[in-house]
Structure formats: structure tokens, C-alpha cells
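Everything in the sequence shown is counted per my numbering, starting at 1 for the first residue and increasing by one. Even glycine gets a Cβ: it sits at the ideal position worked out from N, Cα and C. Since we're looking at a predicted model, the values are computed, not measured. Accompanying notes for the structure given below.
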Amino acid sequence: MTDDELKALVASLAVAQAKTDAQFAKTEAQMAETDRKLQKIGEMIGAFGRNLGEITEEFFFNSLKDTQELGGIRYDFIDKNLTRSAGKVEDEFDIVMVNGEDVAIIEVKYKAHEADLNKLLTSKYTNFKTLFPMYKDYRHHLVLASFSIYDELKQQALSQGVTVLQRKGDIIETFLPPQ
Numbered sequence: 001m002t003d004d005e006l007k008a009l010v011a012s013l014a015v016a017q018a019k020t021d022a023q024f025a026k027t028e029a030q031m032a033e034t035d036r037k038l039q040k041i042g043e044m045i046g047a048f049g050r051n052l053g054e055i056t057e058e059f060f061f062n063s064l065k066d067t068q069e070l071g072g073i074r075y076d077f078i079d080k081n082l083t084r085s086a087g088k089v090e091d092e093f094d095i096v097m098v099n100g101e102d103v104a105i106i107e108v109k110y111k112a113h114e115a116d117l118n119k120l121l122t123s124k125y126t127n128f129k130t131l132f133p134m135y136k137d138y139r140h141h142l143v144l145a146s147f148s149i150y151d152e153l154k155q156q157a158l159s160q161g162v163t164v165l166q167r168k169g170d171i172i173e174t175f176l177p178p179q
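Right under this line is the structure:
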């Protein structure tokens, strides 16, 4: 290869590298724009999910607040989004209803899943007992409230002693576990 051929090759490689660098910079800019759009979509989906959760909680809270009755039991107090912390244990309870003998711990979900039932039966209930020892001698009623729950999950909840609240039009329908 002659010097002129070598110089021409190096020059062509430099031109090709410049084109590659320019395309790479363009691709990076496009990726940054795509990342920004994906982040915005993620934020929108997260907000949508939070809104559905808040709507569902508001529906069940307002429905229960009007009567303050659940499963034939009249309650004196109803709280929503009750948060408490003690030591390393902290939890938030969607709805809690209390009278002098009973406490209802209500977990609200837009669409209930088996993991939600398991969480209510384990960590939520354990944390409630830790965080609210003043209710240790009360009858505890675990409740899963949802706009949408499949029949198998409803039966599983009932068989484990969990009351199910399900939306039915503009009202809620109560299903009590067998006594």
C-alpha cells in the first residue's frame, strides 16, 4: 500500500468515524427523549393507580360511614388511612371501625388478588395487633373490600374467616364467613 493510499484510507476512516460519532450522538439524544417519555408514562400510570385506589377507598369509606354497620355489627367510630408507628413497626390501615367490643380492619383494593388476602391475614393483622394493643380483648374482624374480586378468591377469604365487601352498583354487598 502506498503512502497516498494509506492517507486516503485514514482519511476515509476519519470521515466514517465522524459519521458514526454523529449518528451515535443522535441515537443518544433519541434515547434520552425516549427515557423522558417512558418516565412520564410511568408517572402517569402510577398516578392512575393511586387515583383508582383513592376512589375505591373513598367509596367504601363513605358507604360504611353512612351506616357505621358491618355484618350486623354497629360501630361507634370509623377511621380512614389510619397510620401508626411503634419502634420498627409502621403500617397504614385503609379503614378501621371500632365499638366497645369489636374492631374491623378493612383492607381496600380496586382489584383484589390472593397476595392482598395473604398480606391482610399475615403482616397487616400482625402489625395491627402490635400497633393497637388496646384492642387485644376485642373481637377482631378482618375485611377485604374490593370493586373486583374473582369468585375463587372470595371463597378462599370467606373460608379463612375474612369478610368480603364487594361493590354492587351504587351500594356494597357484604359476604360474611361461616360462623
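Practice item. With DSSP as the reference, label Phe132 as helix, strand or coil. Key: coil
Review point. Per DSSP, Val164 forms a beta bridge with which residues?
Key: Leu144 and Phe175
Point to revise | When Leu176, Asn51 and Met31 are compared against Ala104, the one with the closest alpha-carbon | key: Leu176
Practice item. Mind the definition here: the region 92-110 touches the region 138-156 only if three or more C-beta pairs lie below 8 Å; say whether that holds. Key: yes
Review point. Run through DSSP, which three-state label would Lys99 get?
Key: Here the sequence assigns Asn to residue 99, which means Lys is not the residue at that position. In this structure, Asn99 counts as coil in the three-state DSSP scheme.
Exercise for review: Check the C-beta distance from Lys88 over to Ser148 and give it rounded, since I have them as a contact under 8 Å.
Suggested key: Actually they are not in contact, since the Cβ atoms of Lys88 and Ser148 sit about 34 Å apart, beyond 8 Å.
Review point. Considering Lys119, what are the terminal residues of the beta strand (DSSP E) in which it resides?
Key: Here Lys119 belongs to no beta strand (DSSP E); instead the alpha helix (DSSP H) covers Glu114 to Lys119.
Review point. What's the gap between the Cα of Asp116 and the Cα of Lys109?
Key: 8 Å
Practice item. Using 10 angstroms around the beta-carbon of Lys19, count the other beta-carbons present and answer buried if the total reaches 16, otherwise exposed. Key: exposed
Check your understanding: Which residue comes first and which comes last in the alpha helix (DSSP H) that contains Lys154?
Key -> Asp151 to Ser159
Practice item. Below 8 Å CB to CB, which residues in the same chain sit around Asn99 once its five sequence neighbours on both sides are set aside? Key: Ile73, Arg74, Tyr75, Asp76 and Phe77
Check your understanding: By Cβ distance, which residues of its chain are closer than 6 Å to Gly161, with the 5 residues on each side in sequence left out?
Key -> Pro177
Check your understanding: From Leu153 to Thr163, what does the alpha carbon distance come to, in whole angstroms?
Key -> 12 Å
Check your understanding: What's the gap between the Cα of Thr67 and the Cα of Ala29?
Key -> 58 Å
Review point. Leaving out the 5 sequence neighbours to the left and right, which residues in its chain are closer than 8 Å to Gln156 when beta-carbon positions are compared?
Key: Glu114 and Leu117
Check your understanding: Going by the CB atoms, is the gap between Phe128 and Ile95 shorter than 8 Å?
Key -> no
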